[in-house]
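Beneath this line is the structure, given in structure tokens, with notes to follow.
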Amino acid sequence: MQQHRIIVLGAGYTGAIVAGRLAKQLHREDVAITLVNPEPDFVERVRLHQLAVGQDLPHRPFSEMFAGTGVELKLARVTAVDAERRTVAVTAGNTAEELEYDTLVYALGSGWNPQGVPGTAEHAHEIAGRPGALRLRERLAALEAGETVVVVGGGLTGLEAATEIAEARPDLAVTLAARGELGDWLSDKGRRHVRKVFAGLGITVLEHAAVTAVEADRVLTADGPVPAAVTVWTTGFAVHPIARATTLEVTDDGRIVVDGTMRSVSHPDVYAVGDAALAMGPGDKPLRMSCATGTPMAWQAADAIAARLTGAKIPKTPLRYFNQCISLGRREGLIQYVTADDRSVRAALTGRLAAGYKELICKGAAWGVAHPKLGLRTRPRRVLNHRPTPIEATA
2 MQQHRIIVLG AGYTGAIVAG RLAKQLHRED VAITLVNPEP DFVERVRLHQ LAVGQDLPHR
62 PFSEMFAGTG VELKLARVTA VDAERRTVAV TAGNTAEELE YDTLVYALGS GWNPQGVPGT
122 AEHAHEIAGR PGALRLRERL AALEAGETVV VVGGGLTGLE AATEIAEARP DLAVTLAARG
182 ELGDWLSDKG RRHVRKVFAG LGITVLEHAA VTAVEADRVL TADGPVPAAV TVWTTGFAVH
242 PIARATTLEV TDDGRIVVDG TMRSVSHPDV YAVGDAALAM GPGDKPLRMS CATGTPMAWQ
302 AADAIAARLT GAKIPKTPLR YFNQCISLGR REGLIQYVTA DDRSVRAALT GRLAAGYKEL
362 ICKGAAWGVA HPKLGLRTRP RRVLNHRPTP IEATA
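So for the sequence shown, my numbering puts the first residue at 2; every next one is plus one.
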């Protein structure tokens with residue numbers, strides 16, 4: 002019998018977990034698991050603000066991470082998905098290739114979102130990916146004392162970027178431009194702590210400041226121009242555009258619509274996880290793009306695929322929130338506790354203890370990618386049907 006071909010697109014937190022977790026559950030003779038990614042190393046996306054200010058991150062090659070698992074790493078860029086023919090087009094250097102799959106896991110994630118603001122793509126820096134973080138790192142290193150850095154966006158990424166830059170380079174003038182109030186989604190205790198840390202680091206905060214354009218040496222707002230030798234854009238994420246070009250059912254912003262097992266509602270041989278998927282959480286609210294929800298989504302997808310292939314009962318992974326972990330430099334942090342549907346409650350952990358907690362979370366996330374069998378039986382199961390027919394694929 003031929004092997005069941007599973008292709009996982011993207012080796013971020015979610016894609017790497019799915020590939021590794023499937024390899025632990027399925028007999029190696031029965032499946033061929035291919036992980037497609039353009040880079041040979043795992044990138045800790047939640048630490049890219051640290052990389053941008055000159056800190057070195059641990060080297061985590063996939064060749065070591067997946068050694069002995071049977072997962073094949075294909076270094077290539079995905080250029081197209083044909084969900085009707087069950088093929089994926091990829092390029093490696095100047096070589097184009099088409100891969101066939103029986104089950105596809107779409108985990109291409111997201112990148113930065115310029116949001117159509119004039120000049121952003123030309124003049125702003127981003128830290129949504131490793132190449133962008135390295136470009137910002139080089140630019141910040143070239144700045145002289147007294148020059149101004151403007152971070153646009155008051156969400157989690159903006160708070161972490163502004164504080165990391167201000168702590169690492171106290172000789173620079175760092176400004177954060179937020180569309181609303183600073184930390185307006187946090188509890189009273191959380192907001193007070195963020196303001197305290199920002200004041201201690203000398204960060205200027207521009208609240209209710211909608212940036213209308215980015216130029217080489219300044220950003221423009223409704224209240225006037227703000228000098229900026231470097232502009233860092235952190236106003237949210239945009240998903241990879243490939244899914245929108247397929248026949249998969251997607252949302253207006255290009256996310257693949259999935260059911261509770263992370264299976265596409267339009268194409269049952271396709272699963273989507275992480276930022277690329279629209280999954281519903283507690284209260285029937287869409288899960289936001291985050292590592293906090295991406296990891297359990299990956300567990301759910303891998304376990305559902307393995308169960309369906311082996312005839313086992315599909316387990317259910319809780320998709321809910323517990324807290325928001327925010328680093329505010331290396332010495333300060335904020336752990337904002339939240340409800341299951343991500344609304345802030347009064348309780349919050351602050352200071353060095355919170356910074357240590359956040360560090361443990363980051364290390365735990367990377368450990369979880371390399372050790373994806375949490376909660377799993379270790380003995381691989383045999384696949385009952387290696388190649389589904391079109392009728393069986395819809396079951």
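A virtual CB, placed ideally from N, CA and C, is assigned to each residue, including glycine.
Taking the alpha carbon of residue i as the point to measure from, which residue in the options has its own alpha carbon closest?
{"i": "residue 248", "options": "58, 128, 155 and 265", "result": "265"}
{"i": "residue 184", "options": "208, 202, 203 and 166", "result": "208"}
{"i": "residue 46", "options": "129, 383 and 382", "result": "129"}
{"i": "residue 14", "options": "298, 308 and 246", "result": "298"}
{"i": "residue 340", "options": "82, 288 and 217", "result": "288"}
{"i": "residue 342", "options": "283, 295 and 319", "result": "283"}
{"i": "residue 4", "options": "20, 22, 21 and 29", "result": "29"}
{"i": "residue 8", "options": "72, 242 and 41", "result": "72"}
{"i": "residue 350", "options": "191, 22, 309 and 181", "result": "191"}
{"i": "residue 86", "options": "227, 268 and 232", "result": "268"}
{"i": "residue 74", "options": "21, 301, 345 and 117", "result": "21"}
{"i": "residue 360", "options": "194, 149, 331 and 338", "result": "331"}
{"i": "residue 142", "options": "117, 90 and 231", "result": "231"}
Taking all protein chains shown into account, decide if residue i is buried (16 or more other Cβ within 10 angstroms of its Cβ) or exposed.
{"i": "residue 63", "result": "buried"}
{"i": "residue 113", "result": "buried"}
{"i": "residue 212", "result": "buried"}
{"i": "residue 10", "result": "buried"}
{"i": "residue 368", "result": "exposed"}
{"i": "residue 158", "result": "buried"}
{"i": "residue 31", "result": "buried"}
{"i": "residue 372", "result": "exposed"}
{"i": "residue 396", "result": "Residue confidence is low: residue 396 scores 46 on pLDDT, short of 50, so the model does not pin down where it sits. No coordinate-derived value is stated."}
{"i": "residue 303", "result": "buried"}
{"i": "residue 323", "result": "exposed"}
{"i": "residue 57", "result": "exposed"}
{"i": "residue 317", "result": "exposed"}
{"i": "residue 381", "result": "buried"}
Look at the Cβ atom of residue i, then the Cβ atom of residue j, and state whether they are nearer than 7 Å.
{"i": "residue 39", "j": "residue 78", "result": "yes"}
{"i": "residue 315", "j": "residue 326", "result": "no"}
{"i": "residue 109", "j": "residue 198", "result": "no"}
{"i": "residue 152", "j": "residue 220", "result": "no"}
{"i": "residue 27", "j": "residue 134", "result": "no"}
{"i": "residue 178", "j": "residue 210", "result": "yes"}
{"i": "residue 111", "j": "residue 290", "result": "yes"}
{"i": "residue 244", "j": "residue 259", "result": "no"}
{"i": "residue 124", "j": "residue 214", "result": "no"}
{"i": "residue 132", "j": "residue 76", "result": "no"}
{"i": "residue 160", "j": "residue 53", "result": "no"}
{"i": "residue 305", "j": "residue 262", "result": "yes"}
With which residues is residue i paired in a DSSP beta bridge?
{"i": "residue 101", "result": "88"}
{"i": "residue 226", "result": "221"}
{"i": "residue 117", "result": "According to DSSP, which records beta bridges pairwise, residue 117 is partnered with nothing at all."}
{"i": "residue 328", "result": "334"}
{"i": "residue 112", "result": "239"}
{"i": "residue 214", "result": "221"}
{"i": "residue 178", "result": "153 and 207"}
{"i": "residue 83", "result": "88"}
{"i": "residue 265", "result": "259"}
{"i": "residue 124", "result": "Per DSSP, none; premise fails for residue 124."}
{"i": "residue 78", "result": "92"}
{"i": "residue 322", "result": "Paired residue(s): none; residue 322 is not in a bridge."}
{"i": "residue 300", "result": "Per DSSP, none; premise fails for residue 300."}
{"i": "residue 291", "result": "Residue 291 is not bridged to any residue."}
What residues in its chain sit with their C-beta under 6 Å from that of residue i, if we drop five residues either side in the sequence?
{"i": "residue 1", "result": "Nothing about residue 1 can be reported from this structure: the residues present for the chain run from 2 to 396 only."}
{"i": "residue 12", "result": "36 and 38"}
{"i": "residue 122", "result": "115"}
{"i": "residue 393", "result": "Reliability of the predicted coordinates at residue 393 is poor, the pLDDT of 46 falling under 50, and no value is obtained from them."}
{"i": "residue 70", "result": "24"}
{"i": "residue 312", "result": "385"}
{"i": "residue 390", "result": "Because the pLDDT at residue 390 is just 48, under 50, the model does not fix this residue reliably, and the point stays unresolved."}
{"i": "residue 154", "result": "235 and 236"}
{"i": "residue 358", "result": "336"}
{"i": "residue 310", "result": "384"}
To which residues of the same chain is residue i closer than 7 Å at the C-beta, ignoring the five residues directly before and after it?
{"i": "residue 6", "result": "33, 101, 102 and 103"}
{"i": "residue 271", "result": "84, 105, 107, 249 and 265"}
{"i": "residue 43", "result": "12, 17, 61, 63, 66 and 370"}
{"i": "residue 256", "result": "240, 277, 278 and 279"}
{"i": "residue 293", "result": "322"}
Go through its chain and collect everything with a Cβ distance to residue i's Cβ below 8 Å, but skip five positions before and after it.
{"i": "residue 204", "result": "163, 164, 167, 175, 176 and 177"}
{"i": "residue 146", "result": "172 and 173"}
{"i": "residue 296", "result": "14, 15, 18, 366 and 369"}
{"i": "residue 92", "result": "77, 78, 80 and 98"}
{"i": "residue 223", "result": "210, 211 and 213"}
At a cut-off of 6 Å, would you count residue i as near the ligand GDP, judging by its Cβ distance to the nearest heavy atom?
{"i": "residue 199", "result": "In terms of ligand content, the structure shown is empty, and the ligand GDP therefore cannot be addressed."}
Any C-beta of chain C sitting closer than 7 Å to the C-beta of residue i?
{"i": "residue 189", "result": "Considering every chain present, this structure includes no chain C. It has just one protein chain."}
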